[in-house]
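In numbering that gives the first Met the number 0, the protein residues as written are 0 to 295. C-beta atoms are modelled at their ideal positions from N, C-alpha and C, and glycine is treated no differently. Here the structure is a predicted model, which is why all the values come from computation and not from measurement.
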Amino acid sequence: MRPETASIRRRAVAALLLATIGSLVFASGAFADFLTPESGGSPNADQIDSLYKIVLYIAIVVFIVVEGALFYSLWRFRAKKGAVAAQIHGNTRLEISWTVGAALILVALAAVTFSKLSSIQDPPNSDPNGLQLAEGVLTASSDLPKPPNGRALVICVTGRQYIWRYTYGADCTRNGFGLVYSYEEMVVPANTTVVLDIQATDVIHSWWIPKLGGKFDAVPGYSNSTWFKAPKAGETYVGQCAELCGRNHADMTARVRVVTPAEYTAWLEQQRRDIAAADREVLQLREQLTRDGDLN
């Protein structure tokens, strides 16, 4: 191969590589939530994102100041021919200044963090256009976070190898028998405070829908809890079990589909009818197998 041909080929490959990288970098949303948590699906997720950005921006400023001082010192006091470096044993004023400055930054970060904790941990009331049902009243359990008016839709999230089960209704924390349930996809009404009771039946799992808030472990024999309030019907939020729970861990995905309160009520009734019909079919099959002697 002639040198000219090889040079042209190298330039073509380099141009193609740059074009590919450019299309990825400047694509719409390429860096959306790249360095910060996902948000937009619930107020607590938005507050987590806001707090993270405050800490990140302060850290960037500190990094630039420290690294800038380091590089300036390396350049300004670099070794020079014939120059003799001054022997400095410390600067009390400077040392006190950066110690006090670092302490003030930590105090500011602590103040901002504690000011935002309540909006992350404590669920608000549902909006006036959210779901308004008696079943949404929280149980007397002191473990579940409560809105100011004590009314929220309670859903029990149960992790199993390798699927999520959702049981709908305040009594799910005590006895889920007879309640509506679904697998893999949770259906919730928009503008409604949803409180989750998170459990597991076998090994440790981790419930995480990034746009709806923080990550919470599902531990056998222990209940964890969180909440969210999705503002817009028609959205579907996707997550993944975030704890290595076995060989099929990667298949343990989760979805939350947001619908209008009217659509949620209709879905709940249809799900209740479908479960009742399936239970009747199983009962009839059991009776038939028992009569035929195939089941004792």
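Determine the burial state of residue i: buried for a count of at least 16 other Cβ atoms within 10 Å of its Cβ, exposed for fewer.
{"i": "Gly135", "result": "Note on Gly135: pLDDT 48, under 50, position unreliable in the model; no value is reported."}
{"i": "Pro219", "result": "exposed"}
{"i": "Ile63", "result": "exposed"}
{"i": "Trp206", "result": "buried"}
{"i": "Gly292", "result": "exposed"}
{"i": "Asp121", "result": "exposed"}
{"i": "Ala26", "result": "Low local confidence applies: a pLDDT of 42 at Ala26 is under 50, so the model's placement there is unreliable, with the coordinate-based value given in what follows. So Ala26 ends up on the exposed side."}
{"i": "His88", "result": "exposed"}
{"i": "Gly149", "result": "exposed"}
{"i": "Tyr236", "result": "buried"}
{"i": "Val54", "result": "exposed"}
{"i": "Leu69", "result": "exposed"}
{"i": "Val65", "result": "exposed"}
{"i": "Pro127", "result": "exposed"}
{"i": "Val258", "result": "buried"}
{"i": "Ile208", "result": "buried"}
{"i": "Phe30", "result": "Residue placement at Phe30 is poorly supported in this model, since its pLDDT is 48, which falls under 50; the coordinates still yield a value, given next. With fewer than 16 other Cβ atoms within 10 Å, it is exposed."}
{"i": "Thr157", "result": "buried"}
{"i": "Ala169", "result": "buried"}
{"i": "Ala101", "result": "exposed"}
{"i": "Arg279", "result": "exposed"}
My guess is that residue i and residue j are in contact by the Cβ rule of under 8 Å, so how many angstroms apart are they, rounded?
{"i": "Thr191", "j": "Leu143", "result": "Their Cβ separation, rounded to whole angstroms, is 15 Å, which puts Thr191 and Leu143 out of contact at 8 Å."}
{"i": "Ala189", "j": "Gly129", "result": "7 Å"}
{"i": "Lys210", "j": "Glu37", "result": "5 Å"}
{"i": "Ile95", "j": "Val61", "result": "At roughly 18 Å, the Cβ-Cβ gap does not stay under 8 Å, so Ile95 and Val61 are not in contact."}
Assuming contact is defined by CB atoms lying nearer than 9 Å, are residue i and residue j in contact in what I supplied?
{"i": "Asp216", "j": "Glu242", "result": "yes"}
{"i": "His204", "j": "Cys240", "result": "yes"}
{"i": "Val179", "j": "Ile274", "result": "yes"}
{"i": "Ser125", "j": "Pro146", "result": "yes"}
{"i": "Tyr161", "j": "Gly245", "result": "yes"}
{"i": "Gly177", "j": "Cys155", "result": "no"}
{"i": "Arg159", "j": "Thr112", "result": "no"}
{"i": "Ser41", "j": "Gly212", "result": "yes"}
{"i": "Ile57", "j": "Ala107", "result": "yes"}
{"i": "Ala232", "j": "Glu268", "result": "no"}
{"i": "Gln270", "j": "Ser181", "result": "yes"}
- prompt: Okay, do the segment 212 to 229 and the segment 187 to 197 touch, 3+ Cβ pairs below 8 Å being the bar?
  reply: yes
Validate contact between the segment 228 to 240 and the segment 164 to 174 using beta carbons, cut 8 Å, 3 pairs: no
query: Should the segment 245 to 264 be regarded as contacting the segment 75 to 91, the criterion being three or more beta carbon pairs within less than 8 Å?
result: no
message: Quick check on the DSSP output: what are the complete beta strand (DSSP E) runs of length 3 or more inside the segment 196 to 239, in order along the chain?
response: 204 to 206, 215 to 217, 223 to 227 and 235 to 239
Complete beta strand (DSSP E) runs within the segment 91 to 179 (minimum length 3 residues, chain order): 152 to 159 and 162 to 167
field: Any alpha helix (DSSP H) of 4 or more consecutive residues that is wholly inside the segment 247 to 290
entry: 260 to 290
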